[in-house]
Amino acid sequence: MSTNSTKRAAFAVLQFLRSSTQDGSIRADDAEGIEVASQCISEAFGVDLDSDSDSKAYAIAPETLVSVLEKHAATAAKSDQTSSAEASSSTSSNEKKTVSAADKVAAEKAKSSGNQLMAAKKYDEAIKAYGEAISHDPNNAVYWSNRAAAYSQLQDHASAIEDARQAIKIDASFSKAYSRLGHALFSSGEYEDAVGAYEKGLELDPNNAVMKSSLATAKSRIPTNSADDGDDDEEEASSSAAATRGAPGGGAGGIPGFPGMGGGMPDLASLMNNPAIMNMASQMMQNGGLERLMSNPAMRSMMEGAGGAGGGMPDINALMSDPTMRQMAEQFGRSMGGGGAGGAGSGGNNNNMYS
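See below:
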């Protein structure tokens, strides 16, 4: 069953065949064959050239089959020309434009204006100024790089990335373009690519402190693998266990005059091997201090506890809460020249800070 579109096409063909017969385009000897073909087409598609209703429904007047085909051919040719022009434009864009001396002067003037606008924080206007410089001299990597910086100030990091890459394409030795690219990539959350950009920039300018700092920051944002995390956790657990072993009883606040014992009571072997402790014990025996010490109820309790089933040292906080014990510790500490040393790691610079 023929549709309206196919009937319209068949009607146009029949019109073309009749007009070709009438205007002499077809030889008289072939006219009979064309007439037979027309009848076959008319019957096959259910259309009749002599029918007024079919003429109204399917005729494409004022167009004819020939005019329609000519228009189609013209449109196709135009499309081909457009594609060719675009290809030519793409090719020429990859080639450096010949820039006149006047263009270079105008480009530098526009760039200077852009720099002043950047200083005034008028970033939209700066982008226009750098764009003008690029229109005069698209071969200058500085103009593209500067516009990338302006885009970054407006948080348009996609445009900044595009301009920075164009600057690198023009001049691969321009280190500042890599810095601008790294910043835009970092701001877009593309930390690994940012690291690559900064590293390339530092190859060209190894003493650039800003890029070094930026590179370290970008690297710190890249997640470490699980194996490294496991090693870190193991190391932290080991350090924590060591600290716990060195500070029984919850960790004392420190014995005045005995630096190094602020973190808790050491084991007995360490005490006996300490020359300062042994010297103190000798002085105590000589001046009767040992007898007074052993007569102190707190010390007796400590000694009795040390011999119990637990076998552990008493809480140093509880021991030093006794005024007599604390006074004796202070006296012995002073006699040994000890001072209240502060805890290690209480201050210092934070080397992980970055501006």
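Under my numbering, the residues of the sequence shown are numbered 234 to 588, in order. No residue lacks a Cβ here, since even glycine has one placed at the ideal position from N, Cα and C.
CB of F226 within 8 Å of CB of A451, strictly: No answer is possible for residue 226: it lies beyond the span of the chain, which begins at 234 and ends at 588.
C-alpha gap between G260 and V301, whole angstroms: Reading the sequence as shown, one finds Arg at residue 260 and not Gly. Their backbone Cα atoms lie some 24 Å apart in a straight line.
6 Å CB neighbourhood of L298 in its chain, flanking five on each side removed: Closer than 6 Å at the Cβ level, and outside the excluded window around L298, lie A245, F249.
Whole-angstrom C-beta distance between A366 and A340, which should lie under 8 Å: At roughly 4 Å, the Cβ-Cβ gap stays under 8 Å, so A340 and A366 are in contact.
Cβ-Cβ separation, I394 to A417 (assumed contact under 8 Å), whole Å: About 5 Å separates the two Cβ atoms, so the contact holds.
Cβ distance (whole Å) where E432 is taken to contact I455 below 8 Å: With 8 Å as the limit, E432 and I455 do not qualify as a contact, their Cβ atoms being about 13 Å apart.
Minimum C-alpha distance to Y363 - residue among K354, V375, T239: Considering only K354, V375, T239, the residue with the shortest C-alpha distance to Y363 is V375.
Pairwise C-alpha distance: G415 and A427: Rounded to whole angstroms, the gap between the alpha carbons of A427 and G415 is 4 Å.
Environment of A449 [buried if 16+ CB atoms lie within 10 Å]: Around the beta-carbon of A449, fewer than 16 other beta-carbon atoms lie within 10 Å, marking it exposed.
Straight-line Cα distance separating G422 from S368: The alpha-carbon separation between S368 and G422 amounts to approximately 31 Å.
Length of the line joining the Cα atoms of N585 and E358: Its pLDDT being 33, under 50, N585 is placed unreliably by the model, and the measurement read from it follows with that caveat. Their backbone Cα atoms lie some 37 Å apart in a straight line.
Cβ pair L435, K445 closer than 8 Å: Contact: yes.
8 Å contact criterion, which N379 and K330 should meet: CB distance rounded: Contact flag wrong, Cβ pair sits at about 19 Å.
Cβ distance (whole Å) where S286 is taken to contact L247 below 8 Å: At roughly 15 Å, the Cβ-Cβ gap does not stay under 8 Å, so S286 and L247 are not in contact.
Separation of K311 from A405, as counted between CA atoms: Computed Cα separation, rounded: 39 Å.
Nearest candidate by alpha-carbon position, reference A381, set N441, G347, D262: Comparing Cα-Cα distances from A381 to each of N441, G347, D262, the minimum goes to G347.
Per-residue burial, L387 [other beta carbons within 10 Å of its own, 16 or more giving buried]: Exposed, since its Cβ has fewer than 16 Cβ neighbours within 10 Å.
Neighbour-count burial assignment, A306, 16 or more Cβ in a 10 Å radius: A306 is exposed by the Cβ-count criterion.
Cα-Cα separation between S325 and N440, rounded to whole angstroms: Low local confidence applies: a pLDDT of 46 at S325 is under 50, so the model's placement there is unreliable, and no value is given.
Alpha-carbon spacing of I403 relative to S385, whole angstroms: Taking the straight line joining both Cα atoms gives about 20 Å.
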